[in-house]
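The structure appears below as structure tokens.
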Amino acid sequence: MGDELAVSRQREDCLKLCERRGWTPVEYVDNDTSASNGKRRPAYTQMLADIRAGRVGAVVAWDADRLHRQPRELEDFIDLADAHKLALATVGGDFDLSTPTGRGNARMKGVFARMEMEQKSARQKRAERQLAESGKPHRGGRRPFGYTRDNKVFEPEASAVRDGYADILAGATLHSVAARWNAAGLKTTAGNDWTGTTVKQTLTKPRYAGLRAYHGEIVGKAEWEAIVTEDVWRSLCDLLAQRSPSRPFPARKYLLTSIAVCGVCGRPVGSSAKTDSAPVYKCKECGGVTRQIDKTDRWVIEHVVARLSQPDAAQVLVRENRADMPALRAEANALRSRLDALATDFAEGDLTASQLRTATERIKAKLSAVESQMFDANSRRMFDGLIGAEDVRAAFDALPLDRQRAVVDALLSVTIMPVGKGRAFDPERVVLKWKTGRG
């Protein structure tokens with residue numbers, strides 16, 4: 444509100460100056476666009492075009508630094524003013540850009556304005572970092588999803604956030620989480636429907652683990668309550684980083700698409716569905732294998748359910764309830780602190796570049812090993828609700844397809860071997876190899 448009033452007063456002063464000079468004002472206004480940030484100013488660009496076209500004979504500004512804060516931009520303006528005999532008038536006085544003195548005064552004004560702007564920017568950045576390091580939230584902006592505007596945990600959004608982490612670590616896709624949030628009537632805090640991209644942008648934010656970041660760097664603990672633990676948040680970030688960044692995963696219609704591989708060429712199989720026949724898995728690379736989807740799925744699911752029903756399933760497959768998780772988390776934080784300390788030692792001249800590189804590589808290797816254990820523990824949640832279920836088959840059938848696919852992919856390598864034309868389905872030509880434990 445204060446900025447709006449200041450701009451309004453400056454505009455009034457400029458109009459009064461035009462009236463005293465007998466000039467007819469034509470206004471060029473770039474709202475919410477600073478002269479100092481280097482962004483394109485459409486109205487300013489139009490003004491320059493009008494000067495070149497001879498439609499403008501004088502420029503009026505409240506002060507010269509309201510018109511330019513980039514010395515390069517000022518030099519271009521001086522050249523244009525000199526070429527078109529342009530007058531530059533400000534509320535505080537005129538600049539005769541046709542004389543060396545007038546141009547010098549304008550340049551000095553511009554230099555000091557630039558220095559003032561840079562000093563102000565440095566103060567603002569330091570204040571913002573200090574705010575972040577103290578764990579306080581960023582000022583302004585939209586309310587974060589899952590929190591109230593004063594950063595209290597807000598249900599049912601926070602519950603959806605927890606479920607989102609659990610679902611993705613259990614094998615769900617970003618798009619399926621977005622679909623469930625939309626079906627529940629949840630909106631982004633901008634009022635939009637959820638997409639896979641906005642779910643990822645939300646859940647990868649450190650704030651949900653109670654961490655405060657500044658320009659992508661975690662600088663400390665936040666003063667607000669976390670919705671998930673730090674290791675759950677880091678596990679999700681690691682999992683999403685492992686997925687292909689180049690293209691989004693398309694929605695899959697069938698259990699084994701891109702999981703099963705062709706026994707001829709080794710490429711993942713796709714699917715083909717014709718209106719006059721049952722859908723089939725088919726190698727679209729070499730065409731060497733074709734197999735009915737329903738029979739193949741049934742064969743694979745029987746083995747998955749049998750494995751999950753065995754007495755040792757929990758012992759072999761489930762590792763998320765590790766007693767050493769707090770120790771792993773503490774060790775990871777200690778290693779990250781050592782990395783920060785190395786950077787400080789190098790900056791102060793206590794380490795050579797070679798020593799820094801060797802120590803960094805060593806600590807990063809240890810950190811990677813610890814994070815791998817933490818990630819592995821959290822990512823095994825895909826078996827939640829299956830192992831120990833009274834009816835494992837019913838529990839598996841009740842899962843959404845993306846969870847079913849994650850369970851199969853975690854347990855089995857599936858290879859579809861070729862068969863003779865017209866032969867009945869032969870389950871032995873669907874080769875299953877267990878990835879973990881015995882079958």
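Mapped onto my numbering, the consecutive letters of the sequence shown carry residue numbers 444 to 882. Think of the CB as a built atom: it goes at the ideal place given N, C-alpha and C, for glycine as much as any other residue.
Thr645 to Lys664 span [Cα, whole Å]: Going from the Cα of Thr645 to the Cα of Lys664 covers about 18 Å.
Simplified DSSP state of Lys664, which is helix, strand or coil: It is a strand residue.
Beta strand (DSSP E) segment containing Arg655, residue limits: Leu654 to Tyr657
Residue range of the beta strand (DSSP E) that includes Trp877: Val873 to Trp877
Sub-8 Å separation of Pro587 and Thr632 beta-carbons: Yes, Cβ-Cβ distance for Pro587 and Thr632 is below 8 Å.
Whole-angstrom distance between Thr672 and Asn594, CA atom to CA atom: 17 Å
Cβ pair count under 8 Å reaching 3, the stretch 532-539 against the stretch 554-570: Contact fails: fewer than three Cβ-Cβ distances are below 8 Å.
Beta-carbon proximity check, Leu612 vs Leu683, cutoff 8 Å: no
Sequence-distant residues of its chain with Cβ nearer than 6 Å to Ser715 (five each side left out): By the criterion of a C-beta distance shorter than 6 Å, Ser715 is surrounded in its chain by Val723 and Lys725, once the five residues flanking it on both sides are discounted.
As assigned by DSSP and simplified to three states, the class of Gln753: DSSP places Gln753 in coil when its eight states are reduced to three.
Bridge partners - Thr711, DSSP secondary structure assignment: For the record, residue 711 in the displayed sequence is Pro; it is not Thr. Its beta-bridge partners are Val704.
Start-end ranges of the beta strand (DSSP E) lying completely within the stretch 573-657, minimum 3 residues: Runs found: 654-657.
C-alpha distance - Glu571 paired with Ile661, whole-angstrom precision: 14 Å
For Glu462, three-class secondary structure by DSSP: helix
Any non-hydrogen atom of the ligand SAH within 7 Å of Asn635 CB: This structure lacks the ligand SAH; in fact it carries no ligand of any kind.
Cβ-based neighbour list, Pro649, same chain, cut-off 6 Å, excluding 5 preceding and 5 following: The beta carbon of Pro649 sits closer than 6 Å to those of Ala656 and Ile661, all from its chain and outside the five residues before and after it, given in chain order.
First and last residue of the uninterrupted alpha helix (DSSP H) at Thr488: Pro485 to Arg495
Any 3 or more C-beta pairs closer than 8 Å across the stretch 453-462 and the stretch 503-512: yes
Minimum C-alpha distance to Phe486 - residue among Ala496, Arg495, Ile494 and Asp473: The displayed chain sequence assigns Ala, not Phe, to residue 486. Out of Ala496, Arg495, Ile494 and Asp473, Asp473 has the C-alpha closest to the C-alpha of Ala486.
For Asp537, the residue or residues it bridges with in DSSP: Ala532
C-alpha gap between Arg582 and Ala652, whole angstroms: 19 Å
Bounding residues of the alpha helix (DSSP H) (the contiguous stretch that carries Ile859): Counted as a single uninterrupted DSSP element, the stretch harbouring Ile859 is not any alpha helix (DSSP H) but the beta strand (DSSP E) occupying residues Leu855 to Ile859.
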